[in-house]
Structures are given as C-alpha cells and as structure tokens.
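Structure record follows, encoded as structure tokens.
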Amino acid sequence: MVAASDTVFGSGHKMQVAGLFILVLASVFAVQRDNFRTCSQVGFCKRQRALEHGQSMHVVLPDTLKVSKNSATLEVLDKKTDVRFLLNIFGLKDNTFRVKLSEAKPLRERYEPPLGDVLIKEPEREDIVYAGQSGNQLTFTKGSARLVVTTEPFRIDVYSDDDPVISINAQGLLKFEHTRNRPEPPAPADNQEEENKEDGEVNMWEETFKSFTDSKPFGPTSVGVDISFPGVEYIYGIPEHADSLALKTTKSTDPYRLFNLDVFEYELYNPMALYGSVPLMLAHNEKRTVGVFWLNAAETWIDISSNVADKSIFSNLADFVTGNNEIPQTDTHWFSESGVIDVFLMLGPAPNDVSRQYAALTGTTPIPPLFSVSYHQCRWNYNDQEDVRTVDENFDKFDIPYDVIWLDIEHTDGKKYFTWDGVKFPSSEEMLRNLSSKGRKMVTIVDPHLKREENYRVYTEARDKGLLVKTAGGGDFDGWCWPGSSAWPDFLDPKVREWWADKFALTEYVGSALNLFVWNDMNEPAVFNAPEVTVNRDIKHLAGWENREVHNIYGMMVHVATMEGLLKRTNYQERGFVLTRSFFAGSQRTAAVWTGDNMGEWSHLKISNPMILSLNLAGITFSGADVGGFFRNPDNELITRWYQAGAFQPFFRAHAHLDTKRREPYLLPEENINAIRSAIRARYTFLPYWYTLFHLSEESGAPVMRPLWYEFPTEKATFGLDDVFLVGPSLLVRPVTEQGATSANVYFPGTNQLWYDIETYETYKGPAEINVPAPLSKIPVYQRGGSIIPRKMRPRRSSTLMFSDPFTLVVCLDAKQEAEGQLYLDDYHSFGYRDGAYGMVKYSFHSHKLHSTVSHPGTQFTTSEWLERVIIAGLPHEPKRVTLHFSGQTTDLSFTFDNAKNVLTVRKPGVNILQSWGISLH
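Counting with mature numbering (1 follows the signal peptide of the UniProt record, and there is no 0), you get residues -30 to -1, 1 to 892 for the letters of the sequence shown.
Shown next as structure tokens:
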C-alpha cells in the first residue's frame, strides 16, 4: 500500500513530518525502479554471474566415500582455495534425491531453516545402492533412477529410466564462498578499494547501495551452482514474478530474483523480485516432468539460458533428436547470498508426481473454511461502521452474494494493530454480530510493524520481553512504516510466535469475535526508510542470524504465528483464515496469498493468470489477485472482465486503493452489475467443486488452478500457454483480457476431447484453437467431456446459508458416452474431517447408467444435503424412461430433453447426497 496523506499518521507536528516523509518516500518508490537493486549492484550476484563456463576447480575425493543404507558422503576439494566441502547424497521416498554441499569446517555456522519451518519433517529416506566406480564416475541407484558423480571436474548427472533429466555443475559454475576471517588492511592504503578486494573481487566486507551501507561483518558467504535439464525447452515456477508462466532466458536481462520486497506498482514481464519467494522449479517435456527445490532462505538469483545438450549422456537419442539433429537443454544457474547448497531433485515422472513429491517436503494447503473460498469485498478503507453496514445492505439489495468484508489500516487506533478506532468503530462486536447473522465474516489487517509508543501495550510488551529484532549494534531496530517510528518482533523465534499468537485471544484482541479473521500485509518486512524498502541485511535476529541469511522466511513466520493465534482461540476446533502478502516455501500450510499491489489495467488482469498458475505449481494453491486492480480507476468493462476472471481463480477478492473511486459492483451501470452478479453467482454454484479440489489438494499437493499441460502433458502446443487454464481437471477457463473484445481464441486440448460450454452446453473438440463468442455478459468456461461436477444452484446471500442446500450433478459425456467425478463434503468449518467426520462420493456414468458410490461413509458425519437435479449433456437421443435405483427399490423419475442441445434434465431424485444409488436411462 502507498501512503495517501499525512493525516494517516495522526496529529502533532512530529507525526505530520513523519507522515509527509513517508508520503514522499512512498511516491518515489511507486515510480522509480532504481530504488531496487540490479544484479550489477549486488556484490555476490555480480561475482557469481561473472564465472566462466567450464572453469570449475572442484574435484571429488573418491577415497573419502562413506556409504550407508540410504545416503553417501564424499569430500569435495576446491583446488583454487584448498578448502574442503562435504557432499551428502540422500535417497528419499517417492523418486526423490537430496544433494547437499556444505563447508567441512566452517568458521561460523551457516543458516539452515529448522525442521518444521520449511520442511514439515525430516524427509523420509529410501535405500540407495552404490554400484561402484568406473573411471572417474561413481554410480548410485535407487529404483529406476541413477545418480552419477563425476570426480574431476565435479559433476552430478541424474537419470530416470536411463534418460538424463538433471545435471548439476555440468557448466562448471559451482562457487561456494567459504567462511573466513577479515584480512588485515594493507599498509599504506594506496588504493581505497584494496580492503574490499580479493583476487579482483569487490564488495566482500562492506557494500553500499545509495545512501545505505551494509556492514557485512562475516564477509562473503554466497553459494551457487548450475543445474541443467537435458531434453527440456520449458521450465516453470520460482514465484513470485510478474512474468509469463514459462520462464524466459535471462541472457539479456537480470536473472530472476527471489528477495521478498514491497514493490509498488510493479512492472510486468521482467524478473524483478516481488513480495514472496518459492525456490521451486519444474522442467517439462513430452516424456516427463521433474522438479528442483533449492532450500535456501537468503536472497537468491536464477539465470536461465537455452542450450544444446551433450548427446553423450543420452542412451536413447531417437527419443530426443529434433529436426536439426540437436537435443534441447535448459541451463539454470542458482546463487544465494548465504546458507548452504541443499537441493531436492524430484523425478516425477508425471506433473502430479512432482506436486506430491514437493508436498511431502513442505506440506499442503489444509481445506479452507468454505466462506474463505467464496467472494470477499475489500477496500482501503471502509470508513466506519455505518459504511460497513451500507455496503453489506447494498449487496443484499442488489442480490449479489458475498461472504467477507475487509477493513484496512484505517480501522485501528492510530495504526496500532489489535485496536479499533473508537470514533469510527465504537461497537465492533455489534458490527460483527450483524454480519454473523447473515453467515458473513470480517477480516482486519494486522501488520508486523509495531508503533513505538509508550501507551501501546503490544509494543511495550515486545520491547520489555526482548522480542524485537536488533540493529547490527545490538539495539532495537527502529524503522518507518505506517505508524511512523516502528519496531518489528522477531518472528523467527518460537517464543515470539507464541507471544504473538496469544494476542488473537478474544480477551486480548478486544472488540474481536470468532467471525473475525486476519490479513498480514507489509510482512516482507516493508520498511519505508531502509534499503530497497525492507530491513537492513545486517540487522540481527534473536538467535544471532543476520537478516541476509533468513530474509525470505521472515514473512512466512509472521503468518505462521497469526494462524496459530486463530487456531488457539478456538482450542484448535475451528479452521482459521489468514491472507499474507509475503511468503516462502511452506506458506501454503497456514495462509492464502495474493499477488500484491497490482494496477487497474488490462495488462495486470492478463498477468494475473500466469502469476497465480506459477504460485499453484509451487504449492501455493490458495492464491489470487486483487479484482479490479489495487491502484487506479479501471473502467466498467475492465472491472467486469476482472470479476469474471476472479470468479474462476482460487482466492476471489476485490480490493482498491484509498484514492480510487468507489467501485463496489452495485455502483456500476446495470449491464455491468448483471454481468458481475452472474460471475459471482457462478462462483457460488461451483463451490462444491472448489471444495472438493481443495480436499484433493490437501491430500496430494495437486494445484487447484493448473496450466493445460498439467492435464495434457504430451501435448506440446499447451506448454507455452498461460492465457487459458484449468480449474482442477474438469473446467477450462479463458478469461477475456483484451479491451473491447467480443470474442476470444480458446485452445481446446486433448485428442478427440470434448468440451462443453457451461451455459449453453455447446460442444468443442480438441485439439483445436477456436474463436468463440465472448460478449461482455460472458466468460468462456467449459466443462471437460467425461467429467461429473457437483454444483449448488440456489442463489443465497452467503455460502454459510448454502450449507444444507441441495445439489445438481452436471454430467458431460465424452466421446465414449462415459463420465466420472467425485464430491467431498464435511461441516465446512471445523477440523472434524481430520478425525473422519466427512463424506466422499464417487460418480460414474457408463452403459446408460449413472452410479453414486459412497467411498467414505463418514460414520461420524451426516448431512441433510440432497440431490435435486441431474443434468446429462452429450446424449444423442432422448430416453424413453428414467429410473432411480435406491435401497432395493426402483422409482420412475420425471425428466425433460432438449433435442437442440442433447441435454437431459432429471428432476428431484430426492436422495441424500451421502448415499449410494443408481439412475438408469432406458
């Protein structure tokens, strides 16, 4: 967010000056890219990137080999510095290797995220077999996978089914800056830069950016190595960047940067860092998908280049040779400011296999409470209780459903979180009760910066208990954010997280209620008067780590503590909801994510699709973008098209900046209101499908929103597409992202695959790109032939009021006149499902019969939900009779058939949704 006026910061000359200072600073950041460093301005990035290919001085010492049941250890020597490193190779369950390189004898311990922070547990090991040494190669096998270590120069090649899939240090770019003591300054100091030089390298012990100096007391500690993907042209992942889904070569740009930052009005289609970081990359070709997870919480950069593979490592050239007899390869070069090299190699081979393998490391998204999967209405800021009441009533007046209304920073008492402005919100509990009576919730913002004020108990407690991050000199860090002078708790410390969690108790967060949930913003952390709008790299955390070593994990620890507080306040009985802007690998376990401060422009609507797809591929499944754009004033057409897109993205929230015109949907012209209402209602009808997808995602880590190639992995035409996507396996969505468009080109994948328009049931057959009608009232969405999707078709004011509503099953037949689907249901809000209190139903249609089979009966769970309607699309002829088979009895059902659309509608089977039954067409 960007400051709007000095009145935001309270009264008094000092605070007015502070407000003006931050206003000017924020406005500068909003337009000037040079407030953020490029690779050439980052010492370690410049050093790592300057390495020449093929010049590696590292060798493996084979006589140091130690082999255990599921791991192997070797020493690696840097012949240039004579420093030794330990190479650890681990066999992990489910077709995964772990390769770790660390200093054998570091002068200072290097940071590795504690178990439970990123990795959910110690990864489960699996046996590897040492197959012996041949020449300069040591071979280890695990199932159908093979890992080969070349001793000189050091290199690792990984094979799956005899095909090379990943190579490490094949380009010779390994550089591991060992810990060292600071050299004595030369005498006399004829050259002012001499102190910072070592073999021509600068910025080793001190570094400046603009007016900021980084003391770097421990010197250079960066790590880097190249990782190649032979046979691969397309790679994905490493969010967050405002770029295409398929990552691009960085030959003429900076590398992709992972360094959590508050970047106002971020630019599109460049590799600049944004709010979050997940160092996970997927590589995909027609044969397989593999993944690489680089476990490092420090600033990280990734270079990407296209190459031609070394044919000598392929056992079956015929599978890879192209028309010009060259085998493609994508080379990547990873380097981080500190830490160790700790890389997980996930060998797939299918896309969903990589999702599962990564989920086994960092966890999955728990099933969100149903309200949070519904529509959210937000603005900076709803002014007061009367404003909240008016917005709430207008949604009802215009028959537009919504579940959650949000309050930004202005609801607090002087930007002091866990407080309310007593004038604007004098009866917050009454306000929350009024919302609750309609099944609705509220979200308030709680940022990690604490106003440094003596009468603010949260701050004074944190200060007096010693819970705040420190300066390099040891004092409490003082930076500027929304309240002015601020302090930051050290969320990396478990005792700090426990203290923070306690603040969400109803007795601590006075004026809150159980239908109040939380938004963590500015948690990169954002600091207005610090380098790159974040904390200095040399500030100290309570455990002694510098921020440079842990930076990218800080924001995640904020929302981890916040979610713990929401769970704790109900004794872990009710699911919480937290939205975070900053994130890291593992954030999916405790928060939803949005793409930050976007703009109300067509280009930002378009970029939201690949950004959310990238997040989903990296495990952050519950993610979305601000509908309408945060900044600026989008026109009515753009707002409408954005609602249509957002209705089919996992997290669905409208949001707007303080200075924008009010744009609640009911304020628009009637044509736009109708289109937006239709889009939001469509979201609500598909809630059972979304909810089932989130259940499946919690079990397997599968993305909820996914690129076409995820479901059609051999169809190369899908590999570069990101303007069309899938919701789960069965809904294809093509948002309209071009101004004035009344039609859209839609790529329909799959050989002989049928796709049905969800409104008209018109069919399209893949693979083909077809121009389809898309007037303002319509978003092109298609149900996959061969799928069965459960929906709830009765419009309600909120999802809570739909809990007992009946279902409609929409059956879209494939070319074989078959279909299948499933439905998951529970109480939609508690953790009872983890104790078995849920139901799972499988559906199938074949041989003119629709079957419902309860696969998990939910012995601890019952529901009054029932089946109201069955729609079967793609039937060639009208049946003469439709019968229900249930509990040993056969009953005739009424039906209608649309000959023009080949759609059968069966009315009121009337069975409980959590029962087994059959419907036959005669």
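Beta carbons: idealized from backbone N, C-alpha and C, even for Gly. Owing to the predicted nature of the structure, the values given are computational and were not obtained by experimental measurement.
Query, Result
"Taking the straight line between their C-alpha atoms, what separation do you get for Q347 and V195?", "45 Å"
"Go through the region 292 to 328 residue by residue and report every complete run of the beta strand (DSSP E) that reaches 3 residues or more, in order.", "298 to 306, 311 to 316"
"Select from N364, I415, S407 the residue whose C-alpha is nearest the C-alpha of K386.", "I415"
"How many angstroms separate the CA atom of A500 from the CA atom of Q11?", "16 Å"
"Go ahead and label Q103 buried or exposed: buried means 16 or more other beta carbons lie within 10 angstroms of its beta carbon, across all protein chains shown.", "exposed"
"Within its chain, find whatever has a CB closer than 6 Å to the CB of N255; leave out the 5 residues flanking it on each side and keep chain order.", "G201, V202"
"Does the beta-carbon of K91, which I'm using as the reference point, lie nearer than 7 Å to any heavy atom of the ligand ATP?", "This structure simply doesn't include the ligand ATP, nor any ligand for that matter."
"Go ahead and pull the three-state DSSP assignment for G13.", "helix"
"Flag this pair as yes or no: are the beta carbons of V233 and F6 separated by less than 8 Å?", "yes"
"Among H625, P134, S455, D508, which one has its Cα closest to the Cα of V413?", "H625"
"When you compare only the Cα positions, how much space is there between W836 and F865?", "18 Å"
"Report the rounded CA-to-CA distance for K510 versus D460, giving the unit in angstroms.", "9 Å"
"Rounded to a whole number of angstroms, what is the C-alpha to C-alpha distance between residue 944 and W572?", "Because the chain in this structure spans residues -30 to 892, residue 944 falls outside the shown range and cannot be described."
"Counting only the same chain and skipping the five closest in sequence on each side, list residues whose C-beta sits under 8 Å from that of D48.", "M27, H28, R54, F55, F146, H148"
"Put E163 into one of helix, strand or coil per three-state DSSP.", "Confidence at E163 is low in this model, with a pLDDT of 47, below 50, so the placement of that residue should be treated as unreliable; the coordinate-derived value is given next. DSSP places E163 in coil when its eight states are reduced to three."
"Just mark T860 as buried or exposed, buried being the case when its beta carbon has 16 or more other beta carbons within 10 Å.", "exposed"
"Taking the straight line between their C-alpha atoms, what separation do you get for K63 and V262?", "15 Å"
"Determine whether the beta carbon atoms of L9 and P225 lie at a separation below 8 Å.", "Note that residue 9 is Cys in the sequence shown here, rather than Leu. Result yes, Cβ atoms of C9 and P225 sit closer than 8 Å."
"Take the Cβ of K281 as the centre, count every other Cβ of all protein chains shown within 10 Å, and call the residue buried at 16 or more, exposed below.", "exposed"
"Let me check one thing: in DSSP terms, what residues is G207 bridge-paired to?", "M251"
"Starting from the C-beta of S886, find all residues in its chain whose C-beta is less than 7 Å away, skip the five residues before and the five after it, and write them out in chain order.", "S822, T823, V824"
"Taking the alpha-carbon of V503 as reference, which of W450, G514, E640 has the nearest alpha-carbon?", "W450"
"Taking Cβ positions, are W564 and G481 nearer each other than 8 Å?", "no"
"What beta strand (DSSP E) runs, 3 residues minimum, are completely inside the region 799 to 871?", "809 to 816, 819 to 826, 837 to 843, 852 to 856, 859 to 862, 865 to 868"
"Who pairs with F695 in a beta bridge, going by DSSP?", "V703"
"Where does R68 land, buried or exposed, given buried means 16+ other C-beta within 10 angstroms?", "buried"
"Would G207 pass as a contact of A268 if the rule is Cβ separation under 8 Å?", "no"
"What residues match up with F67 in a beta bridge as DSSP calls it?", "G61, L315"
"Provide the residue(s) that pair with P226 in DSSP beta bridges, ordered along the chain.", "In the sequence as displayed, the identity of residue 226 is Tyr instead of Pro. In the DSSP output, where bridge partners are listed per residue, Y226 has I272."
"What ranges does the beta strand (DSSP E) occupy inside the region 63 to 129, keeping only unbroken runs of at least 3 residues that lie completely in it?", "66 to 73, 99 to 104, 107 to 112, 115 to 120"
"Any idea if H816 is buried or exposed, counting beta-carbon neighbours within 10 angstroms, 16 or more meaning buried?", "exposed"
"May I ask you to report which of helix, strand or coil DSSP gives H28?", "strand"
"Could you check the C-alpha separation between V30 and A42 for me, to the nearest Å?", "13 Å"
"For the region 369 to 394, list the beta strand (DSSP E) runs that are entirely contained and at least 3 residues long, ordered along the chain.", "374 to 377"
"Please state whether the Cβ-Cβ distance between L252 and L587 is less than 8 Å.", "yes"
"Does DSSP put F682 in a helix, in a strand, or in coil?", "coil"
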